[in-house]
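J.: Residue numbers (numbering that gives the first Met the number 0), protein chains in the order written: chain A, 0 to 159; chain B, 0 to 538. All C-beta atoms in this analysis are idealised placements derived from N, C-alpha and C, irrespective of residue type, glycine included. The structure displayed is predicted, hence computed values, not measured ones.
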Amino acid sequence: MHIDPLEKKWLYVVGFMTIVMVGSMTFAAITMNLHPPSNVETIDPKTLHLSGEFTEDNLGVTQNADGSYMVRMIAARYSFYPQMIEVPVDTDVTFRLTSPDIVHGVHVPFTNMSTMVIPGYVSEVKTRFVREGEAQFLCNEYCGLGHDYMWSKLKVVPKG
Amino acid sequence: MHDRSKSVALANLWVAFAAMFVAILLGLYQVMNRSGLFPEIESHELYFASVSTHGVLMGFVLTTFFIMGFGYYTATATLKRPLWNKGLAWIAFFVSLGGTVMAAIPLLTGKASVLYTFYPPLQAHPVFYIGATLLVVGSWIWCLEMIMSVVTWKRDNPGKVVPLAMFGTTANAIMWLWTSAGVGIEMIFQLIPWSLGLMDTVDPGLARTLFSWTLHAIVYFWLFPAYIAMYTILPKVAGGRLFSDEMGRIAFIMLLVISVPIGFHHLYMDPQQAAGFKFLHMLGTFAVAVPTLLTGFTVLASLEGAGRLRGGKGLFGWIAALDWKEPMVVAGMLALFMLIAGGWGGMINASYQMNSLVHNTQWVTGHFHLIFGGTTVIMYLAVAYHLWPKLTGRRLAMRGLAVIQLWLWAIGMLILTLPWHVLGLLGQPRRISSTPYDSPLVEQWDPHELAMIVGGAVLVFSTLLFVLNLLLSHLSKRVDSVSDDDWAVAVHPPLSLPKPLNGYALWNGIVAVWMVVAYGYPVLQFLILETHGSLPWGY
Numbered sequence: 000m001h002i003d004p005l006e007k008k009w010l011y012v013v014g015f016m017t018i019v020m021v022g023s024m025t026f027a028a029i030t031m032n033l034h035p036p037s038n039v040e041t042i043d044p045k046t047l048h049l050s051g052e053f054t055e056d057n058l059g060v061t062q063n064a065d066g067s068y069m070v071r072m073i074a075a076r077y078s079f080y081p082q083m084i085e086v087p088v089d090t091d092v093t094f095r096l097t098s099p100d101i102v103h104g105v106h107v108p109f110t111n112m113s114t115m116v117i118p119g120y121v122s123e124v125k126t127r128f129v130r131e132g133e134a135q136f137l138c139n140e141y142c143g144l145g146h147d148y149m150w151s152k153l154k155v156v157p158k159g
Numbered sequence: 000m001h002d003r004s005k006s007v008a009l010a011n012l013w014v015a016f017a018a019m020f021v022a023i024l025l026g027l028y029q030v031m032n033r034s035g036l037f038p039e040i041e042s043h044e045l046y047f048a049s050v051s052t053h054g055v056l057m058g059f060v061l062t063t064f065f066i067m068g069f070g071y072y073t074a075t076a077t078l079k080r081p082l083w084n085k086g087l088a089w090i091a092f093f094v095s096l097g098g099t100v101m102a103a104i105p106l107l108t109g110k111a112s113v114l115y116t117f118y119p120p121l122q123a124h125p126v127f128y129i130g131a132t133l134l135v136v137g138s139w140i141w142c143l144e145m146i147m148s149v150v151t152w153k154r155d156n157p158g159k160v161v162p163l164a165m166f167g168t169t170a171n172a173i174m175w176l177w178t179s180a181g182v183g184i185e186m187i188f189q190l191i192p193w194s195l196g197l198m199d200t201v202d203p204g205l206a207r208t209l210f211s212w213t214l215h216a217i218v219y220f221w222l223f224p225a226y227i228a229m230y231t232i233l234p235k236v237a238g239g240r241l242f243s244d245e246m247g248r249i250a251f252i253m254l255l256v257i258s259v260p261i262g263f264h265h266l267y268m269d270p271q272q273a274a275g276f277k278f279l280h281m282l283g284t285f286a287v288a289v290p291t292l293l294t295g296f297t298v299l300a301s302l303e304g305a306g307r308l309r310g311g312k313g314l315f316g317w318i319a320a321l322d323w324k325e326p327m328v329v330a331g332m333l334a335l336f337m338l339i340a341g342g343w344g345g346m347i348n349a350s351y352q353m354n355s356l357v358h359n360t361q362w363v364t365g366h367f368h369l370i371f372g373g374t375t376v377i378m379y380l381a382v383a384y385h386l387w388p389k390l391t392g393r394r395l396a397m398r399g400l401a402v403i404q405l406w407l408w409a410i411g412m413l414i415l416t417l418p419w420h421v422l423g424l425l426g427q428p429r430r431i432s433s434t435p436y437d438s439p440l441v442e443q444w445d446p447h448e449l450a451m452i453v454g455g456a457v458l459v460f461s462t463l464l465f466v467l468n469l470l471l472s473h474l475s476k477r478v479d480s481v482s483d484d485d486w487a488v489a490v491h492p493p494l495s496l497p498k499p500l501n502g503y504a505l506w507n508g509i510v511a512v513w514m515v516v517a518y519g520y521p522v523l524q525f526l527i528l529e530t531h532g533s534l535p536w537g538y
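What follows is the structure, encoded as structure tokens:
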């Protein structure tokens, strides 16, 4: 088998680039605990409105004892409920979402608040919003002919 | 080349390009609808039926039929003997064509607006699922044909080196069998029985996991023939030699081994899979960049050699010295350019952390149109120009126009996809038909929406020139006899090779083990967890 010396050099370059990229992601995952939303947690989409965490009374924003916030939302045709969420800036927020109907996705543009919402599973995203002001939750997965209309409001307010 | 194989190759290629022609027109309608500049044509029903059809035609029909047609040509022309079983090739063609027609009926009548990724618990008409499955079943017959052609050739030619083009085609056939198993299981055990009412509920978490098994490597199934043409046709047509035959083999082997067990980068944002498995698939995803980086190097080195033989001097002089009147050279250079741009965007998608910023935004649509429409399809077009005289026995009607057509294709694709990348960074979701959000963001999107219409129109014009050229050539009376023996020769042609570089037994074993590690528990977990199925929903 024949490998040209130039080719060998290129192989080293490729190896180096790959190690730098994978290494930086591994570093971020370990030191900053930055992982994609991945809590494998099931729920019955047919009964979640009747009892438990995602009944209407339990939806919305609550503050935890340690000062961080918990937001419970339902993604359903064609909005996110409750339709207006208000959280403080620079504060840890945990979102928990699920869907009673079909697959949705949620993204707040310019932030890493992003997850798929799959019926039968609970999605959990931990984030901090660093910019005050109005933003939007946009559904980013095709969920039927009214998909374009599926969005709701987020207000990031000053701390305290 | 054996005459009977020519007709089956031609039949497959014509179906491929007919599908592309219909799909590109739908694409133009979609950018117009989506821009919001033409309120009179806006319709959600029409838009999502159109997107579903566009995706199926481009992603499944154009690709599968092109790959089958090119494979039949490659097998007979490189092995210099008829196909293993010619009758089977025609059966594959009609099974796939029948499946395509079956799937087209619900698609075009709005009974399957579930997009080409299916999205249960949205439910389409069962005929759509059955038709799509038959299309894949036809392609499995093609895989058998390719594998058996090589196996019987090797038996009759012990110790000989399998020609590189056929070595790559076989890798693709084997990889596609591994790849398509995921969606096959989803169809046969979930979607078809569920759509027929034999099952009440479906688990979308399991369905998405199975689909991810297919979803990444399918893009390599599409890309493979483009790489095969770059390694085994382009260097010769450019007037040079292939820089390294062995590197081509190593790249093909790596694509076969690494492409399949890495599908979870499509599921980074999904709740039903754990972070550890996502991390494992991320490692494989970055490893699969290696064969592409090797290919870029080897193909550019081959072209540089060709440019220098044609008198090119200096660091970049060889580029100007290339034969820019040759469609394959033009397509190859443009394909590599778009591969570099699109591959860079792909690294961001594949990133374990940054993915959350661009996931399901228009950035992703920009990325895969650049790699698929740009790199992959432009090579399909150039291969068609290259093969047409061989398959039809007629001279290409308008050679100069072919070059212009390829330039237009690349320019149109760049005008279309660069704004999409920007729109994605500005937060625009993909797969929307309009932008009715009450947000200042929408105003920032407007200028980019205009650009994408221009891109779409250029692409339609380019496709029109392409199909016209093929049609006029096929119908013309200007007979041309071209040799089928014009494959690229390597600088150092291998006279003998170690077994692992001349066959796939070892590599299949490695794929099997890796698949068990990457998908074993993630699929089994649905039997362990207490899962709850979803009822069917319309759209």
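So, does the CB of B/Y118 fall closer than 7 Å to a CB anywhere in chain A?
T.: Output row for B/Y118: interface = yes.
J.: List, in chain order, every chain A residue whose beta-carbon is nearer than 7 Å to that of B/D269.
T.: By Cβ distance, chain A contributes M115 and I117.
J.: What's the C-alpha gap between B/M353 and B/V136?
T.: Taking the straight line joining both Cα atoms gives about 37 Å.
J.: Mind listing the chain A neighbours of B/W506? Cutoff is C-beta to C-beta under 7 Å, in chain order.
T.: Chain A residues near B/W506: none, gap ~16 Å exceeds 7 Å.
J.: Note down the Cα distance separating B/G181 from B/L209, rounded to an integer number of angstroms.
T.: Cα to Cα, the separation comes out at about 5 Å.
J.: Count the CB pairs spanning the segment 321-334 of chain B and the segment 244-255 of chain B that are closer than 8 Å, and state whether there are at least three.
T.: Segments in contact, no.
J.: Any idea if B/V478 is buried or exposed, counting beta-carbon neighbours within 10 angstroms, 16 or more meaning buried?
T.: Label assigned to B/V478: exposed.
J.: What in chain A is Cβ-close to B/N501, meaning under 8 Å?
T.: Under the 8 Å cutoff, chain A gives no residues; its nearest Cβ is about 11 Å from B/N501.
J.: Taking C-alpha atoms, which residue in A/N38, A/E52, A/G145 and A/F128 lies nearest to B/D269?
T.: Out of A/N38, A/E52, A/G145 and A/F128, A/N38 has the C-alpha closest to the C-alpha of B/D269.
J.: So with Cβ pairs under 7 Å, would you call A/T160 a contact of chain B?
T.: Outside the shown range of chain A (0 to 159) lies residue 160 of chain A, about which nothing can therefore be said.
J.: For B/Y219 and B/M281, which I take to be in contact (beta-carbon distance under 8 Å), what is that distance rounded to the nearest angstrom?
T.: Contact doesn't hold; Cβ gap of about 17 Å is too wide.
J.: Between A/G143 and chain B, is the shortest Cβ-Cβ distance under 7 Å, so that the two count as touching?
T.: Answer yes: the Cβ-Cβ gap between A/G143 and chain B drops below 7 Å somewhere.
J.: Between A/M20 and chain B, is any beta-carbon pair separated by less than 7 Å?
T.: Output row for A/M20: interface = yes.
J.: Considering only heavy atoms of the ligand HEM, does any lie closer than 6 Å to the CB of A/D91?
T.: Among the components modelled here there is no ligand, and therefore nothing to report on the ligand HEM.
J.: Do you know how far the Cα of B/N468 is from the Cα of B/V328?
T.: Using only the alpha carbons, I get a separation of about 18 Å.
J.: For B/P234, count the other beta carbons within 10 Å of its own beta carbon; 16 or more makes it buried, fewer makes it exposed. Which is it?
T.: Its Cβ being crowded by 16 or more others within 10 Å, B/P234 is buried.
J.: Going along chain A in order, which residues have a C-beta closer than 8 Å to the C-beta of B/W536?
T.: Per Cβ cutoff of 8 Å: D100, I101 and G143.
J.: In chain order, what residues of the same chain have a beta carbon less than 8 Å from the beta carbon of B/L87, not counting five sequence neighbours either side?
T.: Same-chain partners within the cutoff: I140, L143 and E144.
J.: With a cut-off of 8 Å, do at least 3 Cβ pairs link the segment 6-15 of chain B to the segment 383-391 of chain B?
T.: Because the criterion of three Cβ pairs below 8 Å is met, the segment 6-15 of chain B and the segment 383-391 of chain B touch.
J.: Is the number of C-beta pairs between the segment 73-80 of chain B and the segment 146-153 of chain B that are closer than 8 Å three or more?
T.: As far as the Cβ criterion goes, the segment 73-80 of chain B touches the segment 146-153 of chain B, which means the pair count is three or higher.
J.: May I ask you to report which of helix, strand or coil DSSP gives A/G143?
T.: Residue state, collapsed to three classes: coil.
J.: Tell me the start and end of each unbroken alpha helix (DSSP H) in the segment 184-227 of chain B that is at least 4 residues and wholly inside, in chain order.
T.: Fully enclosed alpha helix (DSSP H) runs of 4 or longer: 191-194 and 203-214.
J.: Assign B/L474 to one of two classes, buried (16 or more other C-beta atoms within 10 Å of its C-beta) or exposed (fewer than that).
T.: So B/L474 ends up on the exposed side.
J.: With a threshold of 7 Å between beta carbons, is A/M176 in contact with chain B?
T.: Outside the displayed span of chain A (0 to 159) sits residue 176 of chain A, for which this structure offers no information.
J.: Using the C-alpha atoms, what's the distance from B/F37 back to B/K277?
T.: Cα-Cα distance, rounded: 42 Å.
J.: In chain A, what lies closer than 8 Å to B/N32 by C-beta?
T.: Under the 8 Å cutoff, chain A gives no residues; its nearest Cβ is about 11 Å from B/N32.
J.: Counting only Cβ pairs nearer than 9 Å, list the residues of chain B close to A/Q135.
T.: Neighbours of A/Q135 on chain B, chain order: G426, Y436, D437, S438 and L440.
J.: Can you check the segment 241-327 of chain B for any alpha helix (DSSP H) of at least 4 residues that lies completely inside it and give the ranges in chain order?
T.: For the segment 241-327 of chain B, whole alpha helix (DSSP H) runs of length 4 or above, ordered along the chain, are 244-258, 274-286, 288-308 and 313-320.
J.: Give a yes or no on whether 7 Å exceeds the smallest Cβ distance from A/A75 to chain B.
T.: So no, A/A75 is outside the interface.
J.: Is any beta-carbon of chain B found at less than 7 Å from that of A/P35?
T.: So, interface residue.
J.: Counting contacts by CB-CB distance shorter than 7 Å, is A/S23 in contact with chain B?
T.: So, not an interface residue.
J.: Using the three-state DSSP reduction, which class does B/V402 fall into: helix, strand or coil?
T.: DSSP places B/V402 in helix when its eight states are reduced to three.
J.: Three-state secondary structure (DSSP) at A/V121?
T.: Note: A/V121 maps to coil in three-state DSSP.
J.: Where B/S49 and B/F59 are concerned, what is the direct C-alpha to C-alpha distance, given to the nearest angstrom?
T.: Approximately 15 Å, taken between the alpha carbons.
J.: How about B/Y547: is its C-beta nearer than 7 Å to some C-beta of chain A?
T.: Outside the shown range of chain B, which is 0 to 538, sits residue 547 of chain B, and nothing can be said about it.
J.: Grouping DSSP H, G and I as helix and E and B as strand, with all else coil, what is A/L96?
T.: Three-state result, A/L96: strand.
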